[in-house]
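Colleague: Residue numbers (my numbering): 177 to 402.
(1) Are the CB atoms of residue 224 and residue 329 within a distance shorter than 8 Å?
(2) Evaluate contact between the region 242-257 and the region 319-329, counting only Cβ atoms and requiring at least three cross-stretch pairs below 8 Å.
(3) Classify residue 232 as buried or exposed, calling it buried when 16 or more other Cβ atoms lie within 10 Å of its own Cβ.
(4) Would you list, in sequence order, the uninterrupted beta strand (DSSP E) runs of no fewer than 3 residues that lie entirely inside the region 337-387?
(5) Thinking C-alpha only, which one of 338, 380, 229 is nearest residue 362?
(6) With DSSP as the reference, label residue 207 as helix, strand or coil.
(7) What are the start and end residues of the alpha helix (DSSP H) that includes residue 272?
(8) Helix, strand or coil for residue 235? Go by DSSP, reduced to three states.
(9) Under the three-state reduction of DSSP, which class applies to residue 318: helix, strand or coil?
(10) State the CB to CB distance for the pair residue 366 and residue 227, rounded to an integer number of angstroms; the pair is presumed to be in contact (CB under 8 Å).
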């Protein structure tokens, strides 16, 4: 006599369904990756630097599309790499050489994209070197506003614990800087990209504080760092 298989455990209900709920879950996945993946934080700060350069130096449409596509493609690859790491950890409960190779291969894909983006970025600067040389005042302005802005974003995504008022001060300060920069930007698209990355960094800082408070109550989720 055969015994029926035990019923599979049900996954917890994720709340409302629909398009808005799907966007909400995707947003949570993005923020989770920024909070727990060191490389994603590096890519985010690098994306901010690309956005500052693109909003300070006038570039052609094809060059703008290329840089933005490269930034978004690296984000996509890092998020996919994080998802693969979680899947491997879920399926393999002990050390396995094939699991390590799968993680290494996924990380290599992100590295190739990152190196390719650096090469493309350098090629675009060389190609537009004449424009760079004639954009001295704009570049000086971008450096004056961009360095403290980048420092604020970097502070927001750092994993170290800090008071909430520090994050708020960094977020509001960066918001003011990007608003000033946007008044004389060379590209509203890059300025919008930079502002969007600031929002992501602020949301990551908020999520980190929320989960730190959750840990104090004894209900912290398990996270994987890379």
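We put the CB at the ideal spot given by N, CA and C, even for glycine.
In this text, all values refer to a predicted model and were calculated from it rather than measured experimentally.
Modeller: Let's see:
(1) With contacts defined as CB atoms closer than 8 Å, residue 329 and residue 224 qualify as a contacting pair.
(2) Note that the region 242-257 does not touch the region 319-329; fewer than 3 beta-carbon pairs, one per stretch, sit closer than 8 Å.
(3) By the Cβ-count criterion, residue 232 is buried, with 16 or more other Cβ atoms from all chains shown falling within 10 Å of its own Cβ.
(4) Taking only runs of at least 3 residues, no beta strand (DSSP E) segment lies wholly in the region 337-387.
(5) For residue 362, the nearest C-alpha among the options comes from 229.
(6) Assignment of residue 207 by DSSP, reduced to helix, strand and coil, places it in the helix class.
(7) For residue 272, no alpha helix (DSSP H) segment is defined, and its DSSP state is neither H nor E.
(8) DSSP places residue 235 in coil when its eight states are reduced to three.
(9) The answer is helix: DSSP assigns residue 318 an H, G or I state.
(10) With a Cβ gap of about 5 Å, residue 366 and residue 227 count as contacting.
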